[in-house]
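Notes for the one structure printed next.
As structure tokens, this is what we get:
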């Protein structure tokens, strides 16, 4: 499940308690089927450790699911942020896209991979070579005892389903 953009894009992670409670209540019907909530930050949100610490602390009120954060501005891609995520058991989202760089920090036993289309964000398919590279990364993570959740968001040209099925086939 993707966290509501009101909290990530409008509130920009500030004052998260009430929006988090509303999201938690809205997701309650999913029960044990909900494994991870992804919180995608906007590219315009630059690193703010106080804001991140407050948000991470607030996520502790929703302990029955895992949380992943997708940063899109490079200012977040550093050790201080990785340590914060690790401390609060928040997974860093590996976000592959043409429009922003990939930050492949591993912060928990869960790695959330979001593949938006490497050549053209949302619109390009992954070829077998690229999918083979991702399959290798997933196998490496699994060999380290980590869970890898892979989501394809290259839906504009309809490639997501084909790419997901092909990656699944490659992984056996």
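In this note's numbering, the protein residues as written are 2 to 173. Glycine is no exception: its CB is placed at the ideal position from the N, C-alpha and C atoms.
DSSP beta-bridge partners for residue i?
i           : result
residue 98  : 118
residue 23  : In DSSP, residue 23 forms no bridge with anything.
residue 187 : Beyond the ends of the chain as shown, which are 2 and 173, falls residue 187; an answer cannot be given.
residue 1   : Residue 1 lies beyond the range of the chain shown here (2 to 173); nothing can be said about it.
Residue j and residue i - do their beta-carbons sit closer together than 7 Å?
i           : j           : result
residue 120 : residue 158 : no
residue 47  : residue 76  : yes
residue 107 : residue 149 : no
residue 28  : residue 2   : yes
residue 6   : residue 63  : no
residue 114 : residue 151 : yes
residue 172 : residue 136 : yes
From the options, pick the residue whose C-alpha is nearest to that of residue i; which is it?
i           : options            : result
residue 35  : 23, 12, 67         : 67
residue 59  : 26, 81, 144, 22    : 22
residue 102 : 89, 85, 84, 122    : 122
residue 1   : 138, 134, 110, 136 : The displayed coordinates of the chain run from 2 to 173. Any statement about residue 1 would go beyond what the structure contains.
residue 31  : 100, 65, 163       : 65
Q.
For the structure I just gave you, are there three or more beta carbon pairs, one from the segment 60–71 and one from the segment 36–44, closer than 8 Å?
A. Segments in contact, yes.
Q: Check whether the segment 124–136 touches the segment 83–96, counting contact only when three or more Cβ pairs, one atom from each stretch, lie closer than 8 Å.
A: At 8 Å Cβ cutoff, the stretches do not touch.
Q: Pair every Cβ in the segment 11–23 with every Cβ in the segment 51–62, then say whether three or more of these pairs are closer than 8 Å.
A: Result yes; three or more Cβ-Cβ pairs closer than 8 Å.
Q) Which runs of the alpha helix (DSSP H) fall wholly inside the segment 108–170 and span at least 4 residues, in chain order? A) Assignment of alpha helix (DSSP H) within the segment 108–170, counting only whole runs of 4 or more residues, yields 129–144 in chain order.
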